[in-house]
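Below: the structure, in structure tokens.
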Amino acid sequence: MTTRVKYSEIEGQLQTGDILLCHSVLHESLLIEFVQGSPWSHIGMIVRLPQYDFPLLWESTTFDNIPDVLLGKTKNGPMLVPLHERLRTDVDNIWDPMFAFRKLNVQRTPQMQAALLDVIQELHHASFPNEEQMLRIVVDGKLGIAGGNNSLFCSQLLAETFIRMGLLPPHRVPNSYWPVDFSTQGHVELLDNAGFSEELYLLADGLQGNAQNQAL
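In our numbering, each residue carries its 1-based index in the sequence shown increased by 32.
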């Protein structure tokens, strides 16, 4: 049975390490979804920082329409943006018409938070790979070769972040992960007795999108 939630209901429950899965109607994203056999082509991680009273999204994307909250400017690649703003603009532009959250069940520690801040600082200025770089990084991932940190795609960034936080084992390279791996269709070897909840499908109510753009 599919669980549906409104943003106003779940915003206050979201914690660092929870994930957001996105379904897109853009050509490149539909191709990724076809190859994976999954409705999800993009993924990001929820981040809570004490200086903000709203959840942020740590993601790597080609979209550069929202200023990064720490850098104060727009960019592609790894970025930290207000979660609600990302969802709202995706719905308004009909880029991503379907979303799902998965809550991370784990004991969050100061060490995890410190590791997260370190990885954000280290990777913040990286870019999103172009088509040629993407092909090389993906092939390297299938061969177990790390893709480096100069350019990162979405699930590569998430996996790298989880590895640094001690939530994923370091023996699997970050560029071998895809969004489907973090969905209920896939499987990831979470450490520290961590686990994900079911997928919580997000309704577009309250995101200022069109009524027909609901996650059903």
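Ideal Cβ placement from N, Cα and C applies to all residues, glycine included.
Owing to the predicted nature of the structure, the values given are computational and were not obtained by experimental measurement.
Judged by beta-carbon spacing, TRP72 lies within the 7 Å limit of SER215, meaning their Cβ atoms are closer than that value. Distance from the CA atom of ALA147 to the CA atom of MET197, rounded to whole angstroms, is 5 Å. For SER56, the number of other beta carbons within 10 angstroms of its own is at least 16, and it is reported as buried. Under the Cβ criterion (8 Å, minimum of three pairs), the region 206–222 counts as touching the region 72–88. Under the 10 Å beta carbon count, VAL171 is surrounded by fewer than 16 other beta carbons and is classified as exposed. In this structure, the beta-carbon distance from LEU239 to VAL37 does not fall below 7 Å. Looking only at HIS157, THR35, TYR39, the smallest Cα-Cα distance to VAL123 is reached by TYR39.
Listed as beta-bridge partners of SER92 by DSSP are PRO110. Assignment of HIS116 by DSSP, reduced to helix, strand and coil, places it in the helix class. Straight-line measurement puts the Cα of ILE169 at about 10 Å from the Cα of GLY176. CA-to-CA, the gap between ASN137 and GLY227 works out to about 5 Å. The beta carbon of ILE42 sits closer than 7 Å to the beta carbons of PHE133, LEU232 from its chain, once the five residues preceding and following it are set aside; these are given in chain order.
LEU115 has its alpha-carbon roughly 12 Å from the corresponding atom of GLN47.
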